[in-house]
Each structure stands twice: as structure tokens, then as C-alpha cells.
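Single-structure report; data block below.
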Amino acid sequence: MSINFLQYDRTEQRRILEALIFAADEPLPLKSIAKFLFGDTSKQDQTIFAPNGVEALLQSLIEEINEELETSKRPYRIVEVGGGYQFATLPEFGKIVSSYLQLKAARRLSRAALETLAIIAYRQPVSKPEIEAIRGVRSDEVIQTLLQRELITIVGRADTIGRPLLYGTTPVFLKTFGLNSLEDLPRLRELEELLQQPEEGEEVVTLVATEDVKETLEAQFQERVTSVEPLPDEGSAG
Amino acid sequence: MSINFLQYDRTEQRRILEALIFAADEPLPLKSIAKFLFGDTSKQDQTIFAPNGVEALLQSLIEEINEELETSKRPYRIVEVGGGYQFATLPEFGKIVSSYLQLKAARRLSRAALETLAIIAYRQPVSKPEIEAIRGVRSDEVIQTLLQRELITIVGRADTIGRPLLYGTTPVFLKTFGLNSLEDLPRLRELEELLQQPEEGEEVVTLVATEDVKETLEAQFQERVTSVEPLPDEGSAG
Amino acid sequence: MIYRIRLTNFEGPLDLLLYFIKRDKLNIYDIPIARITHEFLEYVRLMKMLNLEVVGDFLVTASMLLQIKARMLLPKPESEETEEEDPRTELVHRLLEYKRYKEAAEALAERHQQYRYYLYRSIPDPTPAQMVEPVYKNASLLDLLTALKRVLEKAENAASESNVHTVELPPVSVEAQAEFLLNEVKRHGEITFQQLVEGMERLVIIATFLALLELIKHQMVGVRQAAVFDDIIVYEP
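Residue numbers (my numbering), protein chains in the order written: chain D, 2 to 239; chain F, 2 to 239; chain A, 564 to 800.
Written out as C-alpha cells, the structure is:
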């Protein structure tokens with residue numbers, strides 16, 4: 002779909018473009034912005050976008066927005082990155098922003114950590130080789146992180162070759178995810194049922210592979226973890 | 002960590018605060034911004050933040066930023082939502098760009114979804130059997146949809162028979178409905194109040210003959226039928 | 564063929580009863596059970612005819628209505644002193660309870676209408692390195708493989724959309740891709756893997772990926788990312 006962008010005056014054009022770049026969660030390439038604002042321009046008379054066509058028009062609008070941002074002393078600009086345009090804070094604010102983000106990052110578990118944690122939660126007691134077989138990747142570091150955060154602990158040794166250590170979840174795990182006991186974990190089957198047949202056709206998620214289950218768990222966990230306070234004396238975050 | 006925020010003049014204070022809020026993708030509570038910028042203020046002399054302390058200072062800075070954003074015609078503001086402050090587009094621009102960005106949040110919700118969401122919002126934590134008892138209809142699909150849109154999440158398990166999963170609303174819910182917290186939900190009418198207000202009839206339909214009734218009903222149903230699907234393996238119709 | 568009709572917007576039996584009450588301006592505390600049951604059953608018959616999947620929910624309510632109707636027909640106890648409970652009480656309570664949430668849903672709908680177009684800031688990841696001091700860490704092999712998997716899936720989707728099924732040997736070698744990659748990195752200073760392989764075919768993507776691994780090994784390029792599963796940024800060391 003496209004809107005009739007040219008019906009707006011230049012100020013409004015800038016504002017629409019600025020809102021578009023603002024609300025996108027990835028850098029927007031000029032090409033795709035152009036497609037949205039003007040539809041398929043290849044079929045149109047390019048002279049209306051003279052002198053240099055649609056993309057040049059958009060580029061000059063972006064320049065004008067950045068001038069406005071500078072004049073009004075905003076601490077961010079639109080920058081070109083990764084083949085697209087997006088907002089970024091100015092470098093002089095970088096330090097304070099990144100130290101804030103780091104603070105926030107310490108509160109989140111990485112996706113790898115959540116994935117591993119989900120496997121341990123559902124299959125405990127479980128050994129590293131088993132975890133790695135399921136995830137398909139080496140998991141030493143992430144297990145270390147989980148041990149450090151006291152979300153998992155060593156619960157014994159397997160009887161298999163090499164007698165690998167077995168891991169299980171801790172009370173900290175239960176507390177972090179607001180569970181009374183391990184029985185409160187959603188059963189995998191329940192999750193599958195929940196994810197079957199969505200109501201709206203456009204949001205069809207067919208749950209076939211384990212991957213999807215993992216992702217669901219991760220999404221859920223992620224949500225809960227973000228609201229949990231950082232653990233004290235933390236060596237390193239996941 | 003904390004920086005010496007007060008060493009900056011007011012313009013710079015605004016810019017630092019704006020950069021922080023701009024760089025975050027979730028609502029920042031005043032308390033945590035204050036903690037970040039000033040460290041533990043409880044031990045400090047609050048009079049330097051007079052007249053109303055740190056949070057009042059931040060709040061007035063945010064107001065000033067929003068005034069500047071308005072003056073310089075930016076298409077976004079800092080809004081208070083979900084227990085903190087976050088940047089958001091002005092709705093008129095959100096409307097223009099949301100179709101392009103295909104944002105889930107802007108998608109319409111069906112009446113069934115809203116009804117179920119209302120029950121969950123007001124009675125959380127609440128189980129599916131409870132929801133279905135109130136609605137009088139099976140609600141699996143609609144719960145799935147709400148989970149997928151991240152408006153609700155699993156928050157635990159009930160102690161009743163079968164230990165059904167319990168649902169509650171998410172931060173996405175607060176944002177989608179412009180709520181600062183669950184306390185901002187419109188008040189649920191009391192049963193007594195409903196008792197006092199007799200139903201107002203607005204449309205009177207006189208039923209004449211059964212045939213007519215059927216036709217009317219069919220037309221009505223037709224309107225509400227949103228999808229017709231072939232049944233794969235069903236021997237005979239019910 | 565047998566069709567089942569999904570009424571995704573249908574609110575159910577209680578909603579239907581409230582509809583009757585409203586339509587006929589009935590007193591909710593004095594519902595004419597016989598009349599309403601009759602009409603309700605008409606609906607249920609129709610639903611069966613249309614093979615609506617919600618009919619089960621309506622049958623439950625239908626049987627409740629029939630029970631109430633039967634109880635209403637029973638002769639009242641002789642002593643007028645004992646207050647016999649109205650058989651309709653429970654139904655009235657359920658209707659009122661449902662009505663509360665129906666109203667709350669309407670209020671929510673209004674709020675949604677009002678707020679659905681507030682698009683909240685979300686952060687494009689990774690934050691551009693040239694603007695913000697990044698919290699990057701070096702990317703691991705897993706990160707690289709994840710990026711590759713994502714890119715390949717994208718390429719496959721694109722291929723299946725265009726119905727192209729040509730399977731050929733890579734038109735380029737790993738060496739050639741290494742050269743291409745180095746040039747790109749030199750030109751841009753840094754570039755995401757995603758961009759590097761944009762529009763490439765599956766096999767070329769794999770060749771590029773192998774080239775990337777080689778170049779990393781020889782420390783001719785570096786890779787980093789802001790967070791696990793973010794785009795891999797290839798940069799000039």
C-alpha cells in the first residue's frame with residue numbers, strides 16, 4: 002500500500018518521514034521508504050520527483066530533518082547505517098547512554114541463556130552433552146553464566162561415559178520466574194496447544210519443531226526477566 | 002554509577018535526559034532514571050533538588066522537552082505509559098506509518114478478544130475455566146491470539162482441580178491501551194449499579210413468522226461469519 | 564464438502580440473551596423465560612443447521628434455560644411466608660456479570676482506538692557504532708551460524724516466492740568472495756553480514772560465509788555484535 006505523499010506540504014512530508022524512521026525497528030532503506038510513500042515509482046513519471054527522482058527527494062528531506070534536529074538542539078540525528086536510515090543519539094551522549102544500556106543489559110538474560118535454561122528446567126537433571134545435543138552448539142559459557150547467576154546448580158553426575166555433571170534449576174530460578182514449584186512450569190504440551198490454530202489467519206504459527214517451543218519459552222521468560230531486579234555481586238552478565 | 006548531573010546547565014540536562022529516554026525501548030520509570038543520574042539520593046541532601054525533589058526536577062525537564070518537541074514540530078513526544086516515560090509518535094503520524102510498518106499493536110482487536118482481555122485485565126490472575134464461565138463460550142482461540150500479540154502472558158498455575166494455567170496482562174497491554182498501570186483501568190461497574198439501570202431498548206424487531214425469523218437470523222449470522230473453512234476429516238455434519 | 568463456520572467475533576449465548584433483553588426492552592429481573600427459551604432454541608436449531616462450531620456452548624445454556632422453565636412451572640409452595648428463591652436468580656447474576664465485562668471491553672475498545680496509533684520507540688539493533696559507544700562483544704561461531712541460518716532462510720523464502728529452482732554450482736569461488744568481502748569492508752569500514760549477502764543465492768551466500776570464516780581466522784576482518792542473535796557486523800580490524 003502507499004499513501005499520497007505528494008499531497009502534503011514539505012513540512013508535513015518531513016514529519017511523516019521522520020515518524021516513519023522513528024517508529025521502525027530496523028534501518029529503513031530509501032528504496033523501501035520510497036515504495037511505501039509513492040508506490041511502484043518505476044511505472045510513474047519520474048519528472049515529478051525532479052531533479053533526481055524519489056530517492057534524492059527523500060535524501061534531501063532527511064537532511065532537512067537533521068538540520069531541524071540540530072537547530073532545536075535535539076540529542077539525536079537520523080544516520081545512515083547498514084544501507085538504511087535510523088535514529089541514533091549523538092556521540093557525546095554515547096557514554097552516558099551506553100552505561101545506562103549496560104545497566105539494563107545486566108538485567109536481561111541472553112537468548113542463548115534462556116534457551117539453555119529452558120532445556121535444563123524441563124529436562125533436569127541434564128548433562129552438558131545432552132544440552133549441547135539439543136541446542137546443537139557448545140554451551141560451556143552459557144552454563145557458566147547460569148551457574149554464576151545461581152539460576153542452575155550441579156545436582157549430581159550421570160552414569161554415562163565420562164560421568165558428566167548434571168544440572169538442575171535452583172530456588173533462585175523459581176523466584177526469578179515467579180514459580181511456586183517446578184510443577185508450575187507450563188507443560189510443553191500446553192504450550193503447544195496454546196500455539197495451535199490462532200484466531201486470525203494472518204498470525205498462523207504452526208508448532209512443529211522444538212525450536213518453536215523454545216522460542217515461546219524464551220519470549221515468556223524474557224518478559225519476566227526484564228522485570229526482575231539485577232542480582233547483587235554479579236561477575237558477568239549473560 | 003552516577004554522573005554529576007547538576008554540573009550541567011538546564012539545556013544540557015534536558016538533552017541528557019532526552020538522550021536517555023530516546024535510547025531506551027521500554028518505559029523508563031522516573032525512579033530508575035533518578036537513581037541512574039543521581040545515585041542513591043536518599044542519602045543526599047534533598048534540598049538541592051528543591052522544591053520537590055529529584056523526580057519533580059525530572060518531570061519538569063520532561064515537560065520542557067515536550068514543549069520543545071512541539072515548538073520544533075517533531076512528530077513524537079515523551080509520554081507516560083506503563084509506569085515510566087517513553088518516546089511515542091503522535092497518533093496522527095502513527096496512523097499513517099503503522100500500515101507500512103505492520104505493527105501488531107496497531108492491529109484491530111476483535112470484540113471477543115477485547116471481552117476476554119477485559120476479563121483477564123480485571124480479574125488477573127485468572128484461568129481459562131473462569132474466563133469461559135463468565136463468557137459462556139470456549140475461549141481457547143482467543144486466548145491464543147492474545148498470547149501471540151503479547152497482550153497477556155502465563156503468570157502461574159491455579160490450585161484448583163487440574164491446576165489450570167493462570168493468565169495476566171503484560172507491559173505490552175499497558176502500552177497498547179495507553180495505561181500507566183493497571184490502576185488506571187476504567188472502573189468496572191458494580192453489580193448493584195447494573196441492577197439499578199434497567200436495559201434500554203433501542204431497536205425493536207417484531208417477529209412475525211418463523212420463516213422470516215430464519216432469514217433474518219441467517220443474514221445476521223452471515224454478517225458475523227468471518228471465515229468458512231472446509232473440515233478435513235469429518236464424516237458427517239453435526 | 565462439509566464446512567464448519569467459524570464465528571470468531573461471536574460472543575456467545577449470554578450475549579444472545581442480552582441481545583433479546585435489550586431488543587424487546589425486557590426487565591432483566593423478570594425475564595419471560597418461556598418466551599426467551601423458545602427463541603433461544605430457534606437460534607440453536609439454526610446454528611445446528613449452519614453447522615456452527617459454537618453450537619455446543621449454546622446447548623449448555625439452552626439446557627439451563629429449559630431447567631429454569633421447568634422449575635417455574637412447578638406449583639409454588641403453599642406457605643407464602645417462605646421466600647422461595649426465584650429459579651432465574653443465577654441466570655440474572657451471570658448475565659449481569661457478563662455485562663460488566665462486555666462494557667469494560669467497550670471501554671477498552673475505545674482506549675485501543677485512541678492509543679493504538681501511539682507507536683512507541685523501539686531500538687533498531689545494533690545501535691550504530693559510529694554514533695554510540697557500543698556495548699559490543701566479539702561474535703562467536705554460534706552467532707555467525709545463526710546469522711547464516713537467518714540469511715539462508717530469507718534467501719530460500721525469496722527463492723520460493725519467485726519460484727526459482729535452479730540448482731547450480733556457485734558461480735563464484737570462496738577466494739573470489741573473500742576478495743569481494745574485503746573490498747566491501749574496506750569501502751564501508753564496516754558492514755553487516757546481512758547486507759553483504761543481500762540478494763545473493765544460497766550457494767553464493769555459503770561461499771561468502773566460508774570466505775568470512777577464513778578472513779576471521781587470518782584476522783583480516785573482525786566480527787562483532789551488540790547482543791546474541793543481532794546482526795553480525797564485519798569490520799576492518
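Glycine included, C-beta positions come from ideal geometry on N, C-alpha and C.
Rounded straight-line distance, which links the Cα of residue j to that of residue i
i, j, result
"residue 517 (chain A)", "residue 131 (chain D)", "The first residue shown for chain A is 564 and the last is 800, placing residue 517 (chain A) beyond what the model contains."
"residue 213 (chain D)", "residue 188 (chain D)", "The pLDDT assigned to residue 213 (chain D) is 38, lower than 50, so where the model puts this residue is not dependable, and the model offers no usable value."
"residue 60 (chain D)", "residue 21 (chain D)", "14 Å"
"residue 749 (chain A)", "residue 800 (chain A)", "10 Å"
"residue 138 (chain F)", "residue 172 (chain D)", "38 Å"
"residue 94 (chain F)", "residue 36 (chain F)", "33 Å"
"residue 108 (chain F)", "residue 181 (chain F)", "21 Å"
"residue 113 (chain F)", "residue 665 (chain A)", "9 Å"
"residue 133 (chain F)", "residue 766 (chain A)", "52 Å"
"residue 144 (chain F)", "residue 575 (chain A)", "15 Å"
"residue 623 (chain A)", "residue 120 (chain D)", "42 Å"
"residue 25 (chain D)", "residue 150 (chain D)", "34 Å"
"residue 91 (chain D)", "residue 97 (chain D)", "11 Å"
"residue 9 (chain D)", "residue 77 (chain F)", "18 Å"
"residue 88 (chain F)", "residue 67 (chain F)", "10 Å"
Same chain, Cβ closer than 8 Å to residue i, neighbours up to 5 away in sequence not counted
i, result
"residue 736 (chain A)", "770"
"residue 141 (chain F)", "129"
"residue 156 (chain D)", "125, 126, 167, 168, 169"
"residue 781 (chain A)", "none"
Cutoff 6 Å; reference residue i; Cβ partners in own chain excluding five residues on either side
i, result
"residue 599 (chain A)", "583"
"residue 174 (chain D)", "152"
"residue 31 (chain F)", "56, 59"
"residue 608 (chain A)", "none"
Helix, strand or coil at residue i [DSSP, three-state]
i, result
"residue 125 (chain F)", "coil"
"residue 174 (chain D)", "helix"
"residue 700 (chain A)", "Caution applies to residue 700 (chain A), whose pLDDT of 43 falls short of 50 and renders its modelled position unreliable; the value that the coordinates give is listed next. DSSP places residue 700 (chain A) in strand when its eight states are reduced to three."
"residue 81 (chain D)", "strand"
"residue 241 (chain D)", "A question about residue 241 (chain D) goes unanswered here, because the residues of chain D that appear run from 2 up to 239."
"residue 637 (chain A)", "coil"
"residue 661 (chain A)", "helix"
"residue 788 (chain A)", "strand"
"residue 681 (chain A)", "coil"
"residue 158 (chain D)", "strand"
"residue 40 (chain D)", "coil"
"residue 761 (chain A)", "coil"
"residue 152 (chain F)", "coil"
"residue 594 (chain A)", "coil"
"residue 95 (chain F)", "helix"
"residue 35 (chain F)", "helix"
"residue 114 (chain D)", "helix"
"residue 186 (chain D)", "coil"
Option nearest residue i by Cα separation, candidates the options
i, options, result
"residue 74 (chain D)", "F:13, F:58, F:121, F:21", "F:13"
"residue 679 (chain A)", "F:137, F:100, F:38, F:144", "F:100"
"residue 146 (chain F)", "F:164, F:160, F:118", "F:118"
"residue 796 (chain A)", "D:56, D:33, D:83", "D:83"
"residue 596 (chain A)", "A:609, A:608, A:654", "A:654"
"residue 136 (chain F)", "A:659, A:610, A:786", "A:659"
"residue 183 (chain D)", "D:162, D:149, D:122", "D:122"
"residue 758 (chain A)", "D:5, D:15, D:27", "D:27"
"residue 751 (chain A)", "A:798, A:606, A:794, A:768", "A:798"
"residue 185 (chain D)", "F:191, F:143, F:158, F:71", "F:158"
"residue 40 (chain F)", "F:67, F:102, F:7", "F:7"
Other residues of its chain near residue i: CB distance less than 7 Å, five sequence neighbours each side excluded
i, result
"residue 741 (chain A)", "774, 777, 778"
"residue 662 (chain A)", "581"
"residue 65 (chain F)", "15"
"residue 651 (chain A)", "594, 596, 631"
"residue 604 (chain A)", "625"
"residue 62 (chain D)", "14, 15, 18"
heavy atom of the ligand ADP below 6 Å from residue i C-beta
i, result
"residue 671 (chain A)", "As presented, the structure is devoid of all ligands, the ligand ADP included, so that no description of it is given."
is_contact[residue i, chain B] using C-beta, thresh 7 Å
i, result
"residue 595 (chain A)", "Annotation note: the requested chain B is absent from the structure, which comprises protein chains D, F and A."
Legend entry - Residues from the region 129–148 of chain D in contact with chain A, defined by Cβ distance under 7 Å: 138
Legend entry - Cβ-based contacts, 9 Å cut-off: residues of the region 69–82 of chain D near chain F: 69, 70, 72, 73, 74, 75, 76, 77
Inset, instruction - Would you list, in chain order, the members of the region 19–33 of chain D that have their beta-carbon closer than 8 Å to a beta-carbon of chain A? - result: 20, 23, 24, 25, 26, 27, 28
Legend entry - Contact set between the region 619–638 of chain A and chain F, restricted to residues whose Cβ is under 7 Å from the partner: 620, 624
Inset, instruction - For the region 665–685 of chain A, enumerate the residues whose C-beta is nearer than 9 Å to any C-beta of chain D, in chain order. - result: 682, 683, 684, 685
Legend entry - Near-chain D residues of the region 754–769 of chain A (beta-carbon distance less than 9 Å), N- to C-terminal order: 754, 755, 757, 758, 761
Legend entry - Members of the region 166–184 of chain F that neighbour chain A once the beta carbon cut-off is set at 9 Å: 176, 177, 178, 179, 180
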